[in-house]
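Student: My questions all concern the structure below.
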Amino acid sequence: MPKSLAHTPRSLSLGLAAVVLLTVPVAERDADAFGLPMQPMNIQLREPGFELPLALEPGFFTVPGVVNWLVDRLYAPIELRVVYWQVENDSSLTHLSALWGLESSQLLELNSWLEADMTVPAGTKVLVYRADQDRPAASIGKPNRGKLNNGLPFPEGPFWVLRENRSREWGTELTIQTLSDALMAYGRQYPAGPKVLVGEISKRTGGRLTPHRSHRSGRDVDLGYIGKESELHGNWNRVTAENIDTEKTWFMVKSLMASGQVQSVYIDRELQLALSKEAEKELSPEELALIFEYPKRPDSHLAIIQHWPGHRTHMHVRFRCQSWNARCNSY
Ligand SMILES: [Zn+2]
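Have a look at this one:
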């Protein structure tokens with residue numbers, strides 16, 4: 004593998020794959036110069052179902068080893084137990100701590116080279132979390148009254164966008180793991196995106212998180228809907244039955260529910276009707292009734308997806324309590 008690419012951030016990998024495909028050897032002698040095997044463009048990538056998000060002219064040549072390496076990096080498991088973060092602007096330690104909801108003393112402990120009065124330059128990689136197996140993350144009490152002990156931060160990844168302020172992106176291990184797995188599944192299905200917006204989860208220690216009523220115990224997450232139009236991506240605008248991308252949004256919801264770790268999802272009724280039409284293509288009426296509150300049926304109140312006012316711009320996902328944690332209260 005080319006050394007210069009070895010430390011490329013994951014989010015750039017797909018773009019780089021495209022650049023490599025377009026610019027790396029188009030003639031055999033170039034491939035010889037790299038000492039790499041040549042193969043026509045219609046190579047089989049190792050990732051089943053992976054489609055390149057670019058239409059390439061037949062006749063282009065590429066280097067399968069490089070492409071497969073980039074694809075592997077893009078889909079590598081996300082590290083949750085040790086989380087580094089790249090500082091965006093020159094910042095004081097106090098500012099960085101506030102951005103992550105940490106105490107300055109915790110950042111100093113995690114990064115022994117940091118000093119209390121220094122300005123941390125943009126581009127610096129700072130360790131913001133290291134799991135302690137003796138102190139597992141634990142949701143305590145109810146989502147609208149509880150708190151969170153030893154929360155995990157939601158990690159960066161190639162297929163989603165996090166809020167800049169990370170002090171409200173902490174959850175239980177079950178929440179963080181299940182959500183990142185579902186987002187990776189989405190990325191495998193739709194590598195060209197759009198990326199999913201990940202909203203607020205909980206504060207590092209849980210408790211009140213205005214303006215939400217819940218989001219207090221590390222089990223609630225807000226996720227953006229996936230829209231058809233490009234102006235809907237990257238913001239939290241209202242989505243309608245006309246402009247929601249039902250195929251991609253349903254895939255995301257389905258991936259979450261397939262984990263068996265989702266307790267409930269709140270989605271506006273108009274959008275539920277649009278999504279249930281998409282789900283009808285693969286589910287029986289009985290299965291649909293277990294999942295969607297709308298269209299209304301006598302036992303609709305038992306469905307996993309429920310209407311709740313205020314969910315036209317995002318869906319709200321509530322994850323289950325972990326079975327070992329008797330102090331976690333489902334509702
Ligand atoms: Zn919410």
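For the sequence shown, my numbering begins at 4 and goes up steadily by one.
Backbone N, C-alpha and C fix where the C-beta goes; we use that ideal spot for every residue, glycine too.
Are the segment 115-123 and the segment 145-163 touching, with three or more C-beta to C-beta distances below 8 angstroms?
Tutor: These segments do not touch.
Student: From the DSSP output, which residues share a beta bridge with V320?
Tutor: V224, V268, per the DSSP bridge assignment.
Student: What is the residue span of the alpha helix (DSSP H) that Y132 lies within?
Tutor: Counting along the chain, Y132 falls outside any alpha helix (DSSP H), though it belongs to the beta strand (DSSP E) covering 128-133.
Student: What would DSSP say about Q136, mapped onto helix, strand or coil?
Tutor: Reduced to three states, the DSSP call for Q136 is coil.
Student: DSSP three-state label for I229, please.
Tutor: Note: I229 maps to coil in three-state DSSP.
Student: Do you know how far the Cα of K231 is from the Cα of P312?
Tutor: Going by the C-alpha atoms only, they are around 23 angstroms apart.
Student: With hydrogens ignored, establish whether the beta-carbon of D223 is closer than 7 angstroms to any heavy atom of ligand 1.
Tutor: Checking every heavy atom of ligand 1 against the Cβ of D223, one is found closer than 7 angstroms.
Student: Assuming the contact rule is C-beta atoms closer than 8 angstroms, T178 and I204 should be a hit. Round their C-beta distance to whole Å, please.
Tutor: About 7 angstroms separates the two Cβ atoms, so the contact holds.
Student: Nearest CA to the CA of D135: which residue from L278, I247, R84, H317?
Tutor: Nearest C-alpha to D135: R84.
Student: A125 and D93: beta carbons closer than 8 angstroms?
Tutor: Yes, the Cβ-Cβ distance between A125 and D93 is below 8 angstroms.
Student: Grouping DSSP H, G and I as helix and E and B as strand, with all else coil, what is I294?
Tutor: I294: helix per DSSP, three-state reduction.
Student: Compute the Euclidean distance between the alpha carbons of M44 and L73, then round it to the nearest angstrom.
Tutor: Only weak support is given to the placement of M44: the predicted model assigns it a pLDDT of 35, under 50, and the value that follows is read from those uncertain coordinates. Approximately 16 angstroms between the Cα atoms of the pair.
Student: Kindly indicate which residue of K251, D248, Y228, T249 has the alpha-carbon position closest to the one of N240.
Tutor: Closest by alpha carbon: Y228.
Student: At what residues does the alpha helix (DSSP H) containing Q192 begin and finish?
Tutor: Element bounds for Q192: 176-192.
Student: Could you tell me whether the Cβ atoms of E176 and A140 are closer together than 8 angstroms?
Tutor: Going by C-beta atoms, E176 is nearer than 8 angstroms to A140.
Student: For R222 versus R148, is the C-beta spacing smaller than 8 angstroms?
Tutor: No, they are not a contact pair.
Student: So, D271 versus H310, is the Cβ gap smaller than 8 angstroms?
Tutor: Taking 8 angstroms as the Cβ cut-off, D271 and H310 qualify as a contacting pair.
Student: From this set, L110, L212, G144, V199, which residue's C-alpha is nearest Y87's C-alpha?
Tutor: The residue with the shortest Cα to Cα distance from Y87 is L110.
Student: Mind checking whether V265 and I294 have CB atoms under 8 angstroms apart?
Tutor: The answer is no: Cβ separation not under 8 angstroms.
Student: Give the single residue among V69, T127, P288, L186 whose Cα lies nearest to the Cα of F254.
Tutor: The candidate whose alpha carbon is nearest that of F254 is L186.
Student: Quick one: what does DSSP say T252 is sitting in, helix, strand or coil?
Tutor: If DSSP states are grouped into helix, strand and coil, T252 belongs with the helices.
Student: Provide the residue span of the alpha helix (DSSP H) that contains W239, from first to last.
Tutor: Note, W239: premise wrong, no alpha helix (DSSP H); not H, not E.
Student: Assuming the contact rule is C-beta atoms closer than 8 angstroms, N332 and G144 should be a hit. Round their C-beta distance to whole Å, please.
Tutor: Right, the Cβ-Cβ distance comes to about 5 angstroms (below 8 angstroms), so this counts as a contact.
Student: Apply the 10 Å Cβ neighbour rule to H304 and answer buried if 16 or more other Cβ atoms are within range, or exposed otherwise.
Tutor: Answer is exposed; the Cβ neighbour count stays below 16.
Student: Considering only the beta carbon of each residue, do R315 and S267 sit closer than 8 angstroms?
Tutor: It is not a contact, given that the beta carbons lie outside the stated cut-off.
Student: Using 10 angstroms around the beta-carbon of L24, count the other beta-carbons present and answer buried if the total reaches 16, otherwise exposed.
Tutor: Reliability fails at L24, whose pLDDT of 41 lies under 50, so the model's placement of it is uncertain and the value that follows must be treated cautiously. Result: buried.
Student: Could you please give the first and the last residue of the uninterrupted alpha helix (DSSP H) stretch that includes W103?
Tutor: That run of the alpha helix (DSSP H) goes 96-103.
Student: Which residue's Cα is closest to the Cα of G237: L77, W163, P80, E245?
Tutor: The shortest Cα separation from G237 among L77, W163, P80, E245 belongs to W163.
Student: From E202 to R166, what distance separates their C-alpha atoms?
Tutor: What sits at residue 202 in the sequence shown is Gly, not Glu. Going from the Cα of G202 to the Cα of R166 covers about 6 angstroms.
Student: Tell me which residues share the same chain as N328 and place their Cβ nearer than 6 angstroms to its Cβ, disregarding the 5 neighbours each side in the sequence.
Tutor: These residues qualify, in order along the chain: A141.
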